[in-house]
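Top to bottom, those sequences are chains H and D. First residue of the first sequence? That's 1 in the numbering used here, and the numbers climb one at a time after it. First residue of the second sequence? That's 1001 in the numbering used here, and the numbers climb one at a time after it. Beta carbons: idealized from backbone N, C-alpha and C, even for Gly. For reference, the structure discussed in these notes is given below.
Protein chains: 2
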Amino acid sequence: MDIPSYISGYVDGEGCFTVSFSPRPTLRRGWEVRPSFSVSQNGDRCEVLQLMKEYFECGAIRPDRSDKTLKYEVRSIRDLMNRIVPHFRTHPLLSGKAKDFERFASICHLVAMGRHLTDSGWREIVTLAIGMNASGRRRFAVERLLEESGPEVIVSATSNGGDT
Amino acid sequence: MDIPSYISGYVDGEGCFTVSFSPRPTLRRGWEVRPSFSVSQNGDRCEVLQLMKEYFECGAIRPDRSDKTLKYEVRSIRDLMNRIVPHFRTHPLLSGKAKDFERFASICHLVAMGRHLTDSGWREIVTLAIGMNASGRRRFAVERLLEESGPEVIVSATSNGGDT
């Protein structure tokens, strides 16, 4: 049994690569961009979350909003870049989720380089995020991030986005 | 990347080991017992189902009740015994789902030996199934299978069940 491959299989089914944007008026751009990797599980079957925490040597397990589930989550950009992204390069996801992972990894790279502080980097991040397989609600919210920078940017995002 | 380990990880998150009982008046016991192994997936991300079908060299992929999902399913008791059960012996599940798999494997073994045709074998199968992590609805239906064989059997099932 090869634990790294097992973990990639588990994550291909149950894992989430998320890029969330939160309003932060004190930040230069008015928004905080936060990539995170997470896996949720019923609390009575949390062995795999513990295994992942030990394997990746980072992240935390905490109760999710509902009391019934636990979530293993990695938010630190350093841990994402040093531990999470390299794992899925050597042990890649085999489903269509791999495309989302590639966008996620690019966003992590841009954030780690400080590119989210520049106009072109910010547009690139938002455009990559729009192309990820998010719910309708999330996608709408992400598009607002570009609208607020001026209408001409919306066009740029749409024509470069993953859906066109 | 080790594909068998990846598959065990994926199944630990997304797979189902099911034992269903259907009324069949023409059968000796009035019920058919049918173990099956299945994994469901949104149709737009069905690569892993195809991978499993090729790896296990058995089973079928078909649309689930909803049009949006596909299901990879193995129902043949011979394929379950020869392909599915041995895989999860050499590449075991690491979550609490492993306990359900052990009960499932025991039921497959009993059915393959024809023990479901005997009173003691039938009670053993139903008792094992009751102990599996089923929904309330399913669990109630399984208990009916023993009730209909006479009330003394219910007691036996309860005291040997996984919850006591």
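request  = Quick one: measure Cβ to Cβ for residue 1104 (chain D) and residue 1017 (chain D), integer angstroms, because I've assumed they're closer than 8 Å.
outcome  = 4 Å
ask   = Between the region 1093-1108 of chain D and the region 1058-1066 of chain D, do three or more beta carbon pairs fall short of 8 Å?
value = no
key: Where residue 170 (chain H) falls, given that 16 or more other Cβ within 10 Å makes a residue buried   = In the structure as shown, chain H begins at 1 and stops at 164. Residue 170 (chain H) is therefore absent and cannot be evaluated.
ask   = Distance, Cα to Cα, residue 132 (chain H) vs residue 100 (chain H)?
value = 5 Å
request  = Using a Cβ-Cβ cut-off of less than 7 Å, list which residues of the region 1004-1017 of chain D approach chain H; keep chain order.
outcome  = 1005, 1006, 1007, 1008, 1009, 1010, 1012, 1013, 1014
ask   = Between the C-alpha atoms of residue 8 (chain H) and residue 1006 (chain D), what's the straight-line distance to the nearest angstrom?
value = 6 Å
inquiry  = Just to confirm my understanding: we take residue 1014 (chain D), look at its own chain, exclude 5 residues before and 5 after, and list those with CB closer than 8 Å. What are they?
reply    = 1039, 1040, 1041
query = At a Cβ threshold of 7 Å, is residue 1 (chain H) touching chain D?
reply = yes
query = Is the shortest distance between the beta-carbon of residue 1033 (chain D) and the beta-carbons of chain H less than 7 Å?
reply = no
key: 3 or more residues per run - each beta strand (DSSP E) lying fully within the region 40-89 of chain H   = 60-63, 69-74
query = In whole angstroms, what separates the C-alpha of residue 52 (chain H) from that of residue 1004 (chain D)?
reply = 18 Å
message = Contact criterion: CB-CB distance below 7 Å. Does residue 145 (chain H) meet it with respect to chain D?
response = no
query = In whole angstroms, what separates the C-alpha of residue 125 (chain H) from that of residue 1111 (chain D)?
reply = 55 Å
inquiry  = Comparing C-alpha positions only, which one of H:46, H:78, H:130 sits nearest to residue 71 (chain H)?
reply    = H:46
query = Taking just the CA atoms, how far does residue 10 (chain H) sit from residue 1012 (chain D)?
reply = 7 Å
ask   = Using the beta-carbon of each residue, which ones in chain D are nearer than 7 Å to residue 51 (chain H)?
value = 1094
query = Excluding five sequence neighbours on each side, which residues of the same chain lie with their C-beta closer than 8 Å to the C-beta of residue 1159 (chain D)?
reply = For residue 1159 (chain D), the pLDDT reaches just 23, beneath the cut-off of 50, and the residue's location in the model is therefore unreliable, although a value from the coordinates is still provided. Same-chain partners within the cutoff: there are none.
ask   = Where do the N-terminal and C-terminal ends of the alpha helix (DSSP H) with residue 1013 (chain D) fall, by residue?
value = 1003-1014
ask   = At what residue ranges does the region 99-141 of chain H contain a whole run of the alpha helix (DSSP H), taking only runs of 4 or more?
value = 119-130
ask   = Listed in chain order, which residues of the region 1080-1091 of chain D have Cβ atoms closer than 9 Å to some Cβ of chain H?
value = 1090, 1091
request  = Spatial neighbours of residue 1106 (chain D) within its chain, please: CB distance less than 7 Å, with the 5 preceding and 5 following residues excluded, ordered by chain position.
outcome  = 1128
key: Residue from D:1054, D:1109, D:1069 whose Cα sits closest to the Cα of residue 1080 (chain D)   = D:1109
request  = Report back the beta-carbon spacing between residue 1048 (chain D) and residue 1058 (chain D) to the nearest angstrom; my notes put them in contact at under 8 Å.
outcome  = Between residue 1058 (chain D) and residue 1048 (chain D) the Cβ distance is about 16 Å, and since that is not below 8 Å, they are no contact.
query = By Cβ distance, which residues of its chain are closer than 7 Å to residue 122 (chain H), with the 5 residues on each side in sequence left out?
reply = 29, 116
ask   = Does residue 1057 (chain D) come within less than 7 Å of chain H when only Cβ atoms are used?
value = no
query = Given a threshold of 16 other Cβ atoms within 10 Å of its Cβ, counted over all protein chains shown, does residue 1035 (chain D) qualify as buried or as exposed?
reply = buried
key: Contacts around residue 1076 (chain D), its chain only, beta-carbon distance under 7 Å, and the 5 residues preceding and following it disregarded   = 1058
key: Below-7 Å beta-carbon distance, residue 1102 (chain D) vs any chain H residue   = no
query = Name the DSSP beta bridge partners of residue 1018 (chain D), please?
reply = D:1036
query = Distance, Cα to Cα, residue 1130 (chain D) vs residue 1088 (chain D)?
reply = 21 Å
ask   = Cβ of residue 74 (chain H) less than 7 Å from any chain D Cβ?
value = no
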